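As given, the protein sequences belong to chains F and P, one line each in that order. Numbered by my numbering, the letters in the first sequence go through residues 123 to 331 in order. Numbered by my numbering, the letters in the second sequence go through residues 123 to 331 in order. Think of the CB as a built atom: it goes at the ideal place given N, C-alpha and C, for glycine as much as any other residue. Since the structure is predicted, the reported quantities are computational estimates derived from the model, not experimental observations.
2 protein chains.
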Amino acid sequence: MPGKMQRIPDVVIRRLPVYLRYLHQLQEYEVETVSSQQMGVDLNLNPAQIRKDLSIFGDFGIKGMGYKVAELAEQISEILGLNKEIPIVLVGVGNLGAALCRYNRYQESATKIIGIFDGHPSKIGQQHGSLEVRPMEELTEFVQQHKVKLAILATPPAAAQSVCDALVAAGIKAILNFAPLLLQAPPHVRVSNADVTSELQALAYYLHG
Amino acid sequence: MPGKMQRIPDVVIRRLPVYLRYLHQLQEYEVETVSSQQMGVDLNLNPAQIRKDLSIFGDFGIKGMGYKVAELAEQISEILGLNKEIPIVLVGVGNLGAALCRYNRYQESATKIIGIFDGHPSKIGQQHGSLEVRPMEELTEFVQQHKVKLAILATPPAAAQSVCDALVAAGIKAILNFAPLLLQAPPHVRVSNADVTSELQALAYYLHG
DNA sequence: TAGATTGTTAATCGATTAACAATC
DNA sequence: TAGATTGTTAATCGATTAACAATC
């Protein structure tokens, strides 16, 4: 669909990592091709939806045959921009932050935490894996020097908005926010909320009803 | 709207905790009433949507005046079932699990982790806050004895599906899944995915484009 | 009362799904 | 070729938003 401009819904973008992980799994079992029908069964999705999602980005399938697993995985990686390493800064090295930090090392994903920051003096210099906690004062320079565009925010809620502002000012384009509050950020900065308490509260609804 | 039966979209349920937190914030500032207009501005939502969401559950507002903050917070808590403590079991006490465990104590929310479990022998008996890691063998009995309906799954992906099966068999009704894989669960069990890698990969898309 | 704001209906918008011609 | 499965159009479904009568 060359040249055709079109807004891609966020809900589609959020399914791409799901497809990608599934394809990687198939690769482990040395499956070479897969149909949208089969994907639909395994992922609990409508096959037409899967085909539609994929066809937004190109004609990746082969009629009568399905999709080549390795090729499709490659294409989705490319769409998401995962072919090169994506550097991340993490701000707030508390319980959760430290866990994410260690978690980071075992994952083989393009996204990689390369700098960790905390506002609390006692934390500065602490070692987490191969990373040392840096003071907030170094944030802007670090982000700009390493061309970091993605940040994880895991501070206490009281500090979150000012950290967010600092990240935005430093040129960050997207934030994964674990702090339990609604961040105010300009429209060109994408914020994704991953607050555990809210998730649990929403699930609580389904326990009665 | 007494007696009127209607399916409530998940997207509405997921907004309720957002409203609730906002109302709690207003309470801290001793704001007594709030209009959907004001809420819309502060939460970046359409006021009509907020009114519609709330009116599904009852007539909580006062025409010409707005909503009483304390009363609305109470109502939403009730809708979500947060008026009584909601016991949670956490399975998988790795980095993330342990962090969630400690995190748990500082939050003042109705949802509370009361039992933590791990399949790895070396972890059994470890203390995390006031909780001691229990062996998987005790899971079913614990869940049933304490009438636990909500679980957090934070095991490595290889163990996740069998843990999920065990949780379902024990009578769990909802699972917050941090493991990076798609869990297969029966329709009466609600699964919410909170996989960090997928979140980051989706955000990666917005860094170029 | 006059002004403000709700709850709700109707209009709009957007996403999902069914259906099928194209074609491997 | 016959069977299978894509990419895409059209139909459906559902969620968001605008508009406004009801009313505090």
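DSSP three-state call for residue i: helix, strand or coil?
{"i": "Glu-260(F)", "result": "helix"}
{"i": "Asn-299(F)", "result": "strand"}
{"i": "His-250(P)", "result": "strand"}
{"i": "Lys-190(P)", "result": "strand"}
{"i": "Lys-174(F)", "result": "helix"}
{"i": "Val-215(F)", "result": "coil"}
{"i": "Pro-209(P)", "result": "strand"}
{"i": "Thr-277(P)", "result": "coil"}
{"i": "Ser-314(P)", "result": "strand"}
{"i": "Asp-181(P)", "result": "coil"}
{"i": "Val-140(F)", "result": "helix"}
{"i": "Val-153(P)", "result": "coil"}
{"i": "Val-237(F)", "result": "The amino acid at residue 237(F) is misidentified as Val; the sequence shows Gly. In the structure shown, Gly-237(F) sits in a strand (DSSP, three-state: E or B)."}
{"i": "Val-270(F)", "result": "coil"}
{"i": "Met-123(F)", "result": "Because the pLDDT at Met-123(F) is just 37, under 50, the model does not fix this residue reliably, and the value given afterwards should be weighed accordingly. Of the three classes helix, strand and coil, the one that applies to Met-123(F) here is coil, per DSSP."}
For residue i, which of the options has the nearest alpha-carbon?
{"i": "Thr-319(F)", "options": "Glu-150(P), Ile-235(P), Gln-171(P)", "result": "Ile-235(P)"}
{"i": "Val-213(P)", "options": "Leu-298(P), Ile-201(P), Tyr-144(P)", "result": "Leu-298(P)"}
{"i": "Lys-174(F)", "options": "Val-133(F), Ala-281(F), Val-191(F)", "result": "Val-133(F)"}
{"i": "Leu-218(P)", "options": "Ile-274(P), Lys-269(P), Leu-148(P)", "result": "Ile-274(P)"}
{"i": "Leu-145(F)", "options": "Ala-221(F), Lys-190(F), Pro-169(F)", "result": "Lys-190(F)"}
{"i": "Gln-306(P)", "options": "Leu-165(F), Gln-159(F), Gln-249(F), Ser-157(F)", "result": "Leu-165(F)"}
{"i": "Ala-326(P)", "options": "Glu-152(F), Glu-200(F), His-268(F)", "result": "Glu-200(F)"}
{"i": "His-310(F)", "options": "Ala-291(F), Gly-216(F), Leu-303(F), Ala-280(F)", "result": "Ala-291(F)"}
{"i": "Ile-184(P)", "options": "Ile-208(P), Ile-246(P), Ser-157(P), Leu-202(P)", "result": "Ser-157(P)"}
{"i": "Ala-221(P)", "options": "Leu-253(P), Val-265(P), Lys-206(P)", "result": "Leu-253(P)"}
{"i": "Val-270(F)", "options": "Glu-207(F), Ser-244(F), Arg-256(F)", "result": "Glu-207(F)"}
{"i": "Ala-276(P)", "options": "Asp-240(P), Gln-147(P), Leu-202(P)", "result": "Asp-240(P)"}
{"i": "Val-215(F)", "options": "Leu-202(F), Gln-267(F), Arg-256(F)", "result": "Arg-256(F)"}
Taking all protein chains shown into account, decide if residue i is buried (16 or more other Cβ within 10 angstroms of its Cβ) or exposed.
{"i": "His-330(P)", "result": "exposed"}
{"i": "Glu-263(P)", "result": "exposed"}
{"i": "Ser-177(P)", "result": "exposed"}
{"i": "Tyr-151(F)", "result": "exposed"}
{"i": "Gly-237(P)", "result": "buried"}
{"i": "Asp-287(F)", "result": "exposed"}
{"i": "Val-285(F)", "result": "buried"}
{"i": "Ala-282(P)", "result": "buried"}
{"i": "Val-163(F)", "result": "exposed"}
{"i": "Ala-324(F)", "result": "buried"}
{"i": "Glu-321(P)", "result": "buried"}
{"i": "Val-153(P)", "result": "exposed"}
{"i": "Arg-129(F)", "result": "exposed"}
Only counting the same chain, and skipping five residues up and downstream in sequence, which positions put a Cβ closer than 6 Å to that of residue i?
{"i": "Ala-296(F)", "result": "Leu-272, Arg-312"}
{"i": "His-242(F)", "result": "none"}
{"i": "Val-140(F)", "result": "none"}
{"i": "Gln-171(F)", "result": "none"}
{"i": "Lys-126(F)", "result": "Residue confidence is low: Lys-126(F) scores 45 on pLDDT, short of 50, so the model does not pin down where it sits. Its coordinate-derived value is still stated next. Once the five neighbours on either side are set aside, Lys-126(F) has no close Cβ partner at all."}
{"i": "Pro-279(P)", "result": "Ala-301, Pro-302, Leu-303"}
{"i": "Ser-314(P)", "result": "Leu-298"}
In chain P, what lies closer than 8 Å to residue i by C-beta?
{"i": "Tyr-151(F)", "result": "Residues of chain P passing the Cβ test: none, with the nearest at roughly 14 Å."}
{"i": "His-330(F)", "result": "Gly-203"}
{"i": "Thr-233(F)", "result": "Thr-319, Leu-322, Gln-323, Ala-326"}
{"i": "Leu-165(F)", "result": "Leu-304"}
{"i": "Ile-338(F)", "result": "Outside the shown range of chain F, which is 123 to 331, sits residue 338(F), and nothing can be said about it."}
Taking C-beta pairs closer than 9 Å, name the residues in chain P that residue i reaches, listed in chain order.
{"i": "Ala-292(F)", "result": "Here the premise fails: no neighbours, minimum Cβ distance about 14 Å."}
{"i": "Ile-184(F)", "result": "Ordered by position in chain P, no residue passes the 9 Å Cβ test against Ile-184(F), which lies about 25 Å from the chain."}
Identify, in the order they occur along the chain, each residue of the same chain with its Cβ nearer than 7 Å to the Cβ of residue i, setting aside the five sequence neighbours on each side.
{"i": "Ala-316(P)", "result": "Leu-298, Asn-299, Phe-300"}
{"i": "Thr-155(F)", "result": "Met-187, Gly-188, Tyr-189, Lys-190, Val-191"}
{"i": "Leu-142(F)", "result": "Ala-195, Ile-198, Ser-199"}
Might you give, ordered along the chain, the residues of its own chain that have their beta carbon closer than 8 Å to the beta carbon of residue i, omitting 5 neighbours on each side?
{"i": "Ser-231(F)", "result": "Leu-204"}
{"i": "Gly-251(P)", "result": "Cys-223, Arg-224, Asn-226, Arg-227"}
{"i": "Glu-193(F)", "result": "Phe-182"}
{"i": "Leu-167(F)", "result": "Arg-137, Met-161"}
{"i": "Gln-149(F)", "result": "Val-191, Ala-192, Ala-195"}
{"i": "Pro-308(F)", "result": "Val-290"}
Residue i touches chain P at which residues, Cβ-Cβ below 7 Å?
{"i": "Asn-217(F)", "result": "Ala-221, Arg-224, Tyr-225"}
{"i": "Pro-302(F)", "result": "Arg-143"}
{"i": "Lys-295(F)", "result": "Tyr-328, Leu-329"}
Show which residues of chain F have a CB atom less than 9 Å away from the CB atom of residue i.
{"i": "Arg-129(P)", "result": "Within 9 Å Cβ-Cβ: nothing; Arg-129(P) doesn't reach chain F, min ~11 Å."}
{"i": "Glu-321(P)", "result": "Arg-136, Pro-139, Leu-298, Ser-314, Ala-316"}
Under 8 Å Cβ-Cβ, which residues of chain F neighbour residue i?
{"i": "Tyr-327(P)", "result": "Ile-135, Leu-138, Ile-201, Leu-202, Gly-203"}
{"i": "Ile-178(P)", "result": "Chain F residues near Ile-178(P): none, gap ~12 Å exceeds 8 Å."}
Below 7 Å, is the gap between the Cβ of residue i and the nearest heavy atom of the ligand FMN?
{"i": "Asn-217(P)", "result": "The ligand FMN is absent from the structure shown, which contains no ligand whatsoever."}
Could you list which residues in chain F have their beta carbon closer than 7 Å to that of residue i, in chain order?
{"i": "Lys-271(P)", "result": "Leu-329"}
{"i": "Ile-236(P)", "result": "Chain F residues near Ile-236(P): none, gap ~13 Å exceeds 7 Å."}
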